[in-house]
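Protein chains in written order, with the working numbering: chain A, 1 to 298; chain B, 1 to 1099.
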């Protein structure tokens, strides 16, 4: 259930905390991550998703948000109606190095002659009982941990310093953070005191057949192409730490698959959507292209 | 004697000769005896008179007369007296110059006459005479001319004699000894030359004599030999080219001649003409370029055909016209452009250019860290591989031929490499070496005792041999590889090995083609080529023919299978067995099973020649899968009365022949599964966990060696069996130990990183080599891979030095530390006046509020935000540790005036003693000491701000040996080890800055930081052996250094040169131009100056 604020627009917008997925996101479970996540949510244990870029962490969170149901109370015209079961709202925050605590909690803004308090996304998620997904959390400034810590233990409290408030999280609220242990430097590692507040789900690229299935579904390319793409990705990932910082992500494979489905030749599609995005090193590029040309005939 | 002869005249002559030594009289008498009968009386009278005239001519002319008499008879045998007079007139005329010469002329006359006409006598004598300059040395040279003329004239017409005389004459102006020696050699030299080459040879010799007379002797000695290296028809042309060059280049002309001829001997004679033509074009612009071109031709011709060489030359000519030096470097192959153009024109692909690419490719395919090397490296190890040109693998590295030049384009040749690599990688990826006997219940039932169940071991002997081995295997501590056990099952190991190779290669090829559809085309092309090279099958004995057919079938080319039609049925089953391995999911175990089945079939086929009228080609269907995949029909002899009997009718009276392995297939290369498994086992790399490597006695290896068909000792080395097998074992053990050694070192290195370098002494690490280009400013181009930088860790001393230095400079250390702490970045910088931010900026709010009250506030930018500012600096310090830093620093203030001592010797003595003691306690500081101190202080300072830094030193001698010492690497944590290494910083050799800077750039490139700084600390100008055209050229080194610093800038680094050479300004200005540099005037202030400078650079 989402509400578009304007009935006739070319885009749609939601209040942050009201965003819900209407259609089931496509996600193929690789192991028991779905069960683990569900159990964590049931027990209000925050979740840490680890894994390389483009392996499906975000998609997984969306998938879980869609599937985790709870009775939804909607306040409409002053009356509280209990609607049927609804999936969870999902608040996603992409963290960057200048993301501060007040970006998450909220701040006063001036409006005419007065100051108005605006809740930040985290506050909204706490109030709405949404899943709050902090993507690439290590990128954010250290002061954000002040917020994360009380929210992630038994207290489930968000201190709103500027308003001198404490917010108790609503049921359903779950903090999910993601982090890619691969490329961050030692400085950007997650602190133990933070890490140890989460259950961790480790992600890696799915096995060849699963990945092929995903690529085929997402890109609309043929099964053959999808399988070859998955095979190629497997080969390229062998070069991780040997010229390549990261292997080819499932996301890139899907891009390549889409290009191929559009009629771009496979070799060219791989070049533009895999080889070039992956690395600037000429020799490594050439090596990967040889792998590509070994797998695809044209 | 006739009466008409006036005896009185004779008497008169005798009388006249009496005043001369009696020897003359004797010569006269014997001559008279011979000439009297042939001369007319008046002629005789004249002859008598002439002799007397000669003798009387001057003081020593009687000697000439004696020669005259001696020659007369034989001259008269050749010409009439009339003509002889004309001839002698020339000699007599020569008397005017020197009687000695005249004598020499008469002496040579009899032998010269067959080669000269009388009318040429003048010319001949004139040439000799021209050598005479009035001195006795020139006289004897001139006489020598007449003496050797008889030996020279048979080889050289008189007209060309002039060339020789000019040459000798020109040499004589420098040295008569040399001239005489050369003249003496001339007959020998000329006789070695072809007639048509002689004049050009002398012409070039003349130029050599002019331009580099000292080389003349060498030219005479070695010239003909050198010339023989040139194609026959081209020799005159080569000589004239050499001459043209020599007139331009002077002294270098002759060495060029010798060297270029040597180079020509290394290229095909067919292209000499073409090369010379190209060189002639170059010679018009630069003689050096022309000769360098020829000298480079072997390397160029190795890569290019003559047409492409012409294209290459044209490119170089273009360069030459723009810059002489550039063009010459191009043809010397000392410029990057020269190599590039050659590379671009050549279709050959060299392994060293693509090995890294292929290595990554193979790593991608296999997922393991494979190496890629030239096959030669494996054969050089002498551990069983002998073929230098075929691809192979020993389980950890893929070996490929050094270059591929099979097709006319680079892409096609690279594709060949790719097929080679993919097949070898396939062996690793798809487990060709993973055969496990235990997983093969059919061959190795749990209770097996080594008996060959159902095996066709007819010979009981061989059977028992096999069982003995297998039972040994069950003893503890014995090692036998699974592959060995497998082959032990078969009486004929060679046949089993060949079959296994065919089956396994089929499996690998099939998987590769299925998995890597992209290489299919190239694969098929090579398969096609391989099949085209197969030997005709009809001559082979039956078993061998069958193996050959299987191999052909394995190449996807069943159409080429040939087999007697009468025996078609006997072919069907083996083909079917082979084809089953093409099924999806087949493993090496299946290959083994198929091998066993095939062996059963083939070992029953008698290896005799087949006599068939009906050799025919067989079709694809032959190998098709039967209706039911039942193994039972694959057993030989089932149902039928046995294979042997079906073959017998076609083998009338032939004899069993020894079995030969089929010819290898080039793109599949060598396959030695048994050896690979052995190596892996010896190295402790068995699939089953971390089993320690098992020691193996020589005897055990020996046994294995004798058994295995993969190692043929006699191919391996040219020695007797016992010796060479011993050698092989040594090599094998060495190889294994070496790898284990490497592994231990690797672990050690890893330990360093994790423990922060606490434990004991470091292992000495082998120097790592890096190659860098060098800038040749004259050619305005890089010399490719010109310098070898050898990176090595600095030696370790003790930490005392470091501690003492800190102690000595306590004050300074504290100062700099404080200053550096101030450098420490504020972590955040406030950005004010934002519409949105972390919080209100109080000042802005107040302002806004006052304005608002005043009634006009519109500004709402009231927020601030703190932006994170990272100090992200990496710096590389490059210390000059050349020998010149060993210099002690003069201390001016120690120079005391004599008058300080008031002429009191006691005072002076005590001062002197004091000074001695002082000097013993504190020896004078050298530049290097100050460099070290500066580094210590800087490290202390750097540690407080946490910048990444590396400390390196460089020195070396010559371009192959640029030493690069690592005292602290970029990513190494600071600790006692670093302190120990700083202790041992010591002056070494020369100063070749360019490559060291380039290596530093490389270090910085591999470091992640926003700001990268390269600080070069030196004590003087760059100089090194061969750093420049000659010893005195300083500019070259400076330009190269400048270029290296410019490269650093291009990479976004900040280069900074710091020198303690007070004469530094002039060349630093040139070297650094618009870059920052500093000359530290007071050397002793360096320790203070360096940290200050660093602060300024990064602050």
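Positions of the beta carbon are idealized from the N, C-alpha and C atoms, including for glycine.
Using a Cβ-Cβ cut-off of 6 Å (strictly less than) and excluding sequence neighbours within five positions of residue i, which residues of its own chain qualify?
i, result
"residue 204 of chain B", "239, 242 and 243"
"residue 896 of chain B", "The pLDDT assigned to residue 896 of chain B is 48, lower than 50, so where the model puts this residue is not dependable; a value taken from the coordinates is nonetheless given after this. Around residue 896 of chain B: no qualifying Cβ."
"residue 1085 of chain B", "none"
"residue 416 of chain B", "404 and 406"
"residue 733 of chain B", "none"
"residue 48 of chain A", "177, 198 and 200"
"residue 297 of chain B", "263, 267 and 275"
"residue 218 of chain A", "254"
"residue 997 of chain B", "1044"
"residue 246 of chain B", "207, 211 and 253"
"residue 57 of chain B", "95"
"residue 510 of chain B", "582"
State the start and end residues of the unbroken beta strand (DSSP E) segment that holds residue i.
i, result
"residue 950 of chain B", "948-956"
"residue 399 of chain B", "397-400"
"residue 92 of chain A", "90-94"
"residue 1104 of chain B", "Because chain B in this structure spans residues 1 to 1099, residue 1104 of chain B falls outside the shown range and cannot be described."
"residue 168 of chain A", "165-168"
"residue 1014 of chain B", "1011-1018"
"residue 564 of chain B", "562-564"
"residue 968 of chain B", "962-968"
"residue 108 of chain A", "106-111"
Assuming residue i is part of the alpha helix (DSSP H), what are its boundary residues?
i, result
"residue 342 of chain B", "336-345"
"residue 373 of chain B", "First-last for residue 373 of chain B: 371-374, but that is the beta strand (DSSP E), not the alpha helix (DSSP H)."
"residue 259 of chain A", "250-261"
"residue 973 of chain B", "It is not in any alpha helix (DSSP H) - residue 973 of chain B carries neither H nor E in the DSSP assignment."
"residue 46 of chain B", "41-57"
"residue 777 of chain B", "That residue, residue 777 of chain B, is in no alpha helix (DSSP H); it is neither H nor E in DSSP."
"residue 295 of chain B", "287-303"
"residue 362 of chain B", "351-366"
Can you find the residues in the same chain that come closer than 7 Å, C-beta to C-beta, to residue i, ignoring five residues on each side of it along the sequence?
i, result
"residue 363 of chain B", "369 and 370"
"residue 24 of chain B", "17, 55, 62, 65 and 66"
"residue 1051 of chain B", "1001 and 1005"
"residue 636 of chain B", "Since pLDDT at residue 636 of chain B reaches only 49, below the 50 mark, its modelled position is unreliable, and no value is offered."
"residue 108 of chain B", "146, 147, 149 and 150"
Rounded to whole angstroms, how far is the Cβ of residue i from the Cβ of residue j, which I believe are closer than 8 Å?
i, j, result
"residue 320 of chain B", "residue 286 of chain B", "6 Å"
"residue 39 of chain B", "residue 9 of chain B", "About 12 Å; that fails the 8 Å criterion."
"residue 1022 of chain B", "residue 1038 of chain B", "6 Å"
In chain order, what residues of the same chain lie with their CB nearer than 8 Å to the CB of residue i, ignoring the 5 residues before and after it?
i, result
"residue 1092 of chain B", "816 and 819"
"residue 108 of chain A", "115, 116, 117, 118 and 162"
"residue 148 of chain B", "183, 184, 186 and 187"
May I ask you to verify whether the region 981-993 of chain B touches the region 786-801 of chain B, counting CB pairs closer than 8 Å and requiring at least 3? yes
Assess contact between the region 408-425 of chain B and the region 488-496 of chain B, defined as three or more Cβ pairs (one per stretch) separated by less than 8 Å. Is contact present? no
To be precise: take each residue of the region 91-105 of chain A, compare its Cβ to all Cβ atoms of chain B, and keep it if any distance is under 9 Å. Which residues remain? 97, 98, 100, 101, 102 and 103
For the region 427-438 of chain B, which residues have a CB atom closer than 8 Å to at least one CB atom of chain A, in sequence order? none
Between the region 157-183 of chain A and chain B, which residues of the former have CB atoms less than 7 Å from a CB of the latter, in chain order? none
Just checking, does the region 608-616 of chain B make contact with the region 504-524 of chain B on the three C-beta pairs under 8 Å criterion? no
Validate contact between the region 988-1003 of chain B and the region 948-956 of chain B using beta carbons, cut 8 Å, 3 pairs: yes
Would you call the region 133-143 of chain A and the region 84-97 of chain A touching, i.e. three or more CB-CB distances under 8 Å? yes
Is it a yes or a no for the region 10-27 of chain A touching the region 122-129 of chain A, going by three-plus beta-carbon pairs under 8 Å? yes
Can at least three beta-carbon pairs, one atom from the region 801-812 of chain B and one from the region 827-844 of chain B, be found at a separation below 8 Å? no
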